[in-house]
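K.L.:
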Amino acid sequence: MQKKQIAIFVPGYYGTTLQDEKSGKLIWGDTKEVLFGRKTLALPIDGIFVPGASQLKPHSLINDKKILGGLIREDAYDKTISHLKRIGIQSIYPLAWDWRRDPYKGIIALNELVIKCKRLHPDSSLILVSHSFGSLITSYYLRFGVQDFDNAIENWEGLNHFDKIILSATPFRGLMAMFRNMHYGIKFGLNQNMQTPLAFSSFESSYYLLPPPGLDLVQDENGKLHSLELHNPMVWKKNRYGLFHENCGLTIENEIENEARMKFIDFHITRARQFHQLLDAPIGLKPKILKPILYLSGHGQKTVHHGVWLKKKELENIFLYYPKHFKKWKIKIDPNNVYGDGDSTIPDFSLELPSFLKELNTTEIRQKKTHLNVLQSIESQSYITDFLLFSHVARNDSL
11 MQKKQIAIFV PGYYGTTLQD EKSGKLIWGD TKEVLFGRKT LALPIDGIFV
61 PGASQLKPHS LINDKKILGG LIREDAYDKT ISHLKRIGIQ SIYPLAWDWR
111 RDPYKGIIAL NELVIKCKRL HPDSSLILVS HSFGSLITSY YLRFGVQDFD
161 NAIENWEGLN HFDKIILSAT PFRGLMAMFR NMHYGIKFGL NQNMQTPLAF
211 SSFESSYYLL PPPGLDLVQD ENGKLHSLEL HNPMVWKKNR YGLFHENCGL
261 TIENEIENEA RMKFIDFHIT RARQFHQLLD APIGLKPKIL KPILYLSGHG
311 QKTVHHGVWL KKKELENIFL YYPKHFKKWK IKIDPNNVYG DGDSTIPDFS
361 LELPSFLKEL NTTEIRQKKT HLNVLQSIES QSYITDFLLF SHVARNDSL
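Be aware that the sequence shown starts at 11, since it is given in my numbering, and climbs by one per residue.
Below, the structure written as structure tokens:
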């Protein structure tokens, strides 16, 4: 008799609602707040006054298009959850995690949910389905379990918990669009505060979602690529990146706050480098049992790769990403040079599987799909069904 299947679902960036710890009021995930409110998602930082920052906590999965009116993603994750139920998954446990925080906190939360599921369903088959940033923390968990980044040794603790794993649209090597967001922020509706440059620069996760050393590239006015050396914290102060940028609105003359900024950036940049090094390291010892893994990724979509760095002596940090930037600074470079291939969110170089996953029992399916549709399209649902119910995937390379 086949075991019952239960699933853990790990959403990606933006995929969990956030509520105020004191009042319980929904902040991220409430349509009125996102479009018309004045709240910010900025995190408090020790030693720095971050205007409007408050203690928020993860609440629930964003899986209903009515929550955000389709603003963030079409139907959010509703199609995926509905499909898993339709094919007979007995119980589905979404991981509510704070995607703004150090990813290690998400890894700890994932492990706690795994323990809970095994306690509640000791005789069931446990599968894991994940998307985007959620797949990134899952990939680490499979290989290193709950070990912190500074002392992790390959043990396959996470992998051993699952019978099957689905990863999708994973930013294995970060994305320069995150650096863009730390520079310019993102505006939704009339809410000018929710995702400001300061908010993105205060998110701990922003530093882990930057490309690793050597891939943190921008182009000059001649189209030549240069590394921004984002993993050198001194460069952030010198060139006024992130928390040192005028768009963040912090007082740079305050030396005490400057030290706090350097401490915050140095801490997370160092950990981010450790995190990427662990994921990219070759396998030392393969796991005894190779669990089936399905990886769904997208391509053929216009995706931000490298902004243009306009280097002027008095303006060391002018970066051009949007057509209006090129028009303002009268740059003759085609604005489309900023883009390359990818899934519309994650660039192709970041979507590529790291070597350790290639050496496991991993089936990769690449489709001409956007970031969310890689997981939610009818074709992807068919792949998921075959993988979970029949242990094989019928490939169609024409997609």
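Even for Gly, the Cβ is constructed at its ideal location relative to N, Cα and C.
For the putative contact between G308 and D344, defined by C-beta atoms under 8 Å, what is the C-beta separation to the nearest angstrom?
P.N.:
As a working note, residue 308 is residue 298 in the sequence shown. As a working note, residue 344 is residue 334 in the sequence shown. In fact, because the Cβ distance is near 24 Å, the residues do not count as touching under 8 Å.
K.L.:
Who are the near neighbours of E167 in its chain, counting only those whose CB is closer than 6 Å to its CB and skipping five residues on each side?
P.N.:
As a working note, residue 167 is residue 157 in the sequence shown. Excluding positions up to five away in sequence, the list reads G155.
K.L.:
Tell me where the beta strand (DSSP E) around R376 begins and ends.
P.N.:
Here residue 376 is taken as the residue at index 366 of the sequence shown, counted from 1. Start and end: 372-377.
K.L.:
Whole-angstrom Cβ separation of G459 and L45, contact assumed at under 8 Å?
P.N.:
No statement about residue 459 is possible, as the shown extent of the chain runs from 11 to 409 and does not include it.
K.L.:
Within the segment 244-322, note down every full alpha helix (DSSP H) run reaching 4 residues or more, in order along the chain.
P.N.:
The qualifying runs are 265-290.
K.L.:
Let me make sure I understand the geometry here. Which of L300, Q100, H236 has the alpha-carbon closest to that of L152?
P.N.:
For the purposes of this step, residue 152 is taken as the residue at position 142 of the sequence shown. The residue with the shortest Cα to Cα distance from L152 is L300.
K.L.:
Given that a residue counts as buried once 16 or more other Cβ atoms are within 10 Å of its Cβ, and exposed if not, what is K342?
P.N.:
Here residue 342 refers to the residue found at position 332 when the sequence shown is read from its first residue. Counting Cβ neighbours within 10 Å, K342 comes out exposed, since fewer than 16 surround it.
K.L.:
From the DSSP output, in three-state form, read off A119 for me.
P.N.:
Sequence index remark: in the sequence shown, residue 119 carries index 109 (1-based). Helix, per DSSP.
K.L.:
Determine the DSSP secondary structure at K14, reduced to helix, strand or coil.
P.N.:
Position 4 of the sequence shown, counted from the first residue, corresponds to residue 14. DSSP places K14 in coil when its eight states are reduced to three.
K.L.:
Strictly by DSSP, which residues pair up with D133?
P.N.:
As a position in the sequence shown, residue 133 is number 123, starting the count at 1. Answer by DSSP bridge pairing: none, since D133 is not bridged.
K.L.:
What are the residues that DSSP puts in a beta bridge with L235?
P.N.:
On the sequence shown, position 225 is the one that residue 235 refers to. In the DSSP output, where bridge partners are listed per residue, L235 has Q229.
K.L.:
Straight-line CA distance for Q205 to L238?
P.N.:
Within the sequence shown, numbered from 1, the residue matching residue 205 stands at position 195. Within the sequence shown, numbered from 1, the residue matching residue 238 stands at position 228. One C-alpha to the other measures close to 23 Å.
K.L.:
Can you grab the Cα-Cα spacing for the pair L81 / S392, in whole Å?
P.N.:
Taking the sequence shown and counting its residues from 1, the one referred to as residue 81 is at position 71. Taking the sequence shown and counting its residues from 1, the one referred to as residue 392 is at position 382. Only weak support exists for where L81 lies, its pLDDT of 48 falling under 50; the value from the coordinates is given anyway. Cα to Cα, L81 sits roughly 27 Å from S392.
K.L.:
One question on the structure: do V318 and L330 come within less than 8 Å of each other, judged by their Cβ atoms?
P.N.:
The sequence position of residue 318 within the sequence shown is 308, counting from 1. The sequence position of residue 330 within the sequence shown is 320, counting from 1. Against a cut-off of 8 Å, the Cβ pair of L330 and V318 comes out as a contact.
K.L.:
Would you tell me roughly how many angstroms separate the C-alpha atoms of K115 and K340, rounded to the nearest one?
P.N.:
In the sequence shown, residue 115 corresponds to position 105, counting from 1. In the sequence shown, residue 340 corresponds to position 330, counting from 1. If you take the alpha carbons of K115 and K340, they lie about 44 Å apart.
K.L.:
Tell me the rounded alpha-carbon separation between Y145 and N383.
P.N.:
Taking the first residue of the sequence shown as position 1, residue 145 is located at position 135. Taking the first residue of the sequence shown as position 1, residue 383 is located at position 373. Going by the sequence as given, residue 145 is Ser instead of Tyr. Roughly 15 Å separates the two Cα atoms.
K.L.:
According to DSSP, what are the bridge partners of F198?
P.N.:
Residue numbering aside, residue 198 sits at position 188 when the sequence shown is read from its first letter. Per DSSP, N201.
K.L.:
Quick check on this structure: which residue in R96, D230, K296, P221 has the alpha carbon closest to the alpha carbon of I279?
P.N.:
On the sequence shown, residue 279 is found 269 positions in, with the first residue counted as 1. Comparing Cα positions, the closest option is P221.
K.L.:
For I375, which residues of its own chain have a beta-carbon under 6 Å away from its beta-carbon, when the five flanking residues on both sides are left out?
P.N.:
Position 365 of the sequence shown, counted from the start, is the residue given in the question as residue 375. Excluding residues within five positions, the ones whose Cβ falls inside 6 Å are L306, Y393.
K.L.:
Given a cut-off of 8 Å on the beta-carbon distance, is the pair P61 and L28 in contact?
P.N.:
For the purposes of this step, residue 61 is identified with residue 51 of the sequence shown, where counting begins at 1. For the purposes of this step, residue 28 is identified with residue 18 of the sequence shown, where counting begins at 1. Contact flag unset, no.
K.L.:
May I ask which residues mark the beginning and end of the alpha helix (DSSP H) holding S149?
P.N.:
Position 139 of the sequence shown, counting from 1, holds the residue named residue 149. It spans 143-154 - the alpha helix (DSSP H) in which S149 sits, taken as one unbroken run.
K.L.:
Where does the unbroken alpha helix (DSSP H) through D358 begin, and where does it stop?
P.N.:
Within the sequence shown, residue 358 is the residue found at index 348, counting from 1. Note, D358: alpha helix (DSSP H), 358-361.
K.L.:
Quick one: is T261 buried, meaning 16 or more other Cβ sit within 10 Å of its Cβ, or exposed?
P.N.:
Reading the sequence shown from its first residue, position 251 is the one you call residue 261. T261 should be labelled exposed.
K.L.:
Would you be able to state if there are at least three C-beta pairs under 8 Å between the segment 266-273 and the segment 131-151?
P.N.:
Counting Cβ pairs under 8 Å, fewer than three are found: no touch.
K.L.:
I need the straight-line Cα distance from A17 to P223, nearest angstrom please.
P.N.:
As a first step, residue 17 is located in the sequence shown; it is residue number 7 there, counting from the start. As a first step, residue 223 is located in the sequence shown; it is residue number 213 there, counting from the start. Cα to Cα, A17 sits roughly 35 Å from P223.
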